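Engineer: Sending over a structure as structure tokens; questions will come in a sec.
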Ligand code: SF4
């Protein structure tokens, strides 16, 4: 059984694949926060800006099998993407923490359906073999078990998680994403403006790292 908060077709808003069309499948639940505001201050991850509770979002629900979920994802892609498009179908599993639910059976079904599969994970759980693109976003003192990723995206600044801690990690791309105020979804966010300046200065003095902005928020899309 897979618990999905929401699924939608949009453009990737951040990182090395920014601007690429994908079906986003947001799983419910995370292992670093239960999603309840009253528990935020005592959680390992305290700056989450995503609703990760339940299955009541757009196209969300409980899916009994990998076939059922992969079929729903493929259907979303078919309805949205121009049929003559030569692009390989692309799904991004996100969350919540997707590696709580993404398993070999679902991965196999997505590949059988012709999809390229990406995951956005906090890096604290083992990943099934064969994921095509791993974006890892480490969180404070949470222990990382992944040994490699394609892109490492660090929300910045985080107490106990300075970029230097990750600069030797096995990754192709290194990004800093300015931390936003979790209460501000769109519009003015002075916290983010201040952190953007800090991230920019860090990237200028440490060129291994690149600045990434949440393009989808700037554009006001999902
Ligand atoms: S690890 Fe990611 S999904 Fe989990 S609480 Fe933090 S920001 Fe949210």
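Residue numbers (our numbering): -11 to 210.
A virtual CB, placed ideally from N, CA and C, is assigned to each residue, including glycine.
Source: prediction; values computed, not measured.
To the nearest angstrom, how far is it from the Cα of residue 176 to the Cα of residue 182?
Structural biologist: Each residue's alpha carbon lies about 12 Å from the other.
Engineer: Tell me the rounded alpha-carbon separation between residue 148 and residue -10.
Structural biologist: Cα to Cα, the separation comes out at about 33 Å.
Engineer: Which residues count as close to ligand 1 when the rule is a CB under 6 Å from any of its heavy atoms, in chain order?
Structural biologist: Those satisfying the condition are, in chain order, 18, 20, 21, 33, 36, 38, 40, 83, 84, 85, 110, 127.
Engineer: Is it buried or exposed, residue 156, if we count other Cβ atoms within 10 angstroms and call 16 or more buried?
Structural biologist: That one is exposed.
Engineer: Can the beta-carbon of residue 113 be found closer than 7 Å to that of residue 87?
Structural biologist: Contact flag set, yes.
Engineer: Based on DSSP bridge pairs, tell me the residues matched to residue 105.
Structural biologist: Per DSSP, 79.
Engineer: Since residue -8 and residue 51 should fall inside the 8 Å C-beta cutoff, what is the C-beta to C-beta distance between them, to a whole number of angstroms?
Structural biologist: Yes, they are in contact, since the Cβ atoms of residue -8 and residue 51 sit about 6 Å apart, within 8 Å.
Engineer: Within this structure, are the beta carbons of residue 59 and residue 95 separated by less than 7 Å?
Structural biologist: Not closer than 7 Å, so no.
Engineer: In terms of DSSP beta bridges, what is residue -5 paired with?
Structural biologist: Beta-bridge pairing links residue -5 to 13.
Engineer: Would a C-beta distance cut-off of 7 Å place residue 131 and residue 163 closer than the cut-off?
Structural biologist: No, the Cβ-Cβ distance between residue 131 and residue 163 is not below 7 Å.
Engineer: Just grab the DSSP bridge partners of residue 143 for me.
Structural biologist: Bridge partners of residue 143: 165.
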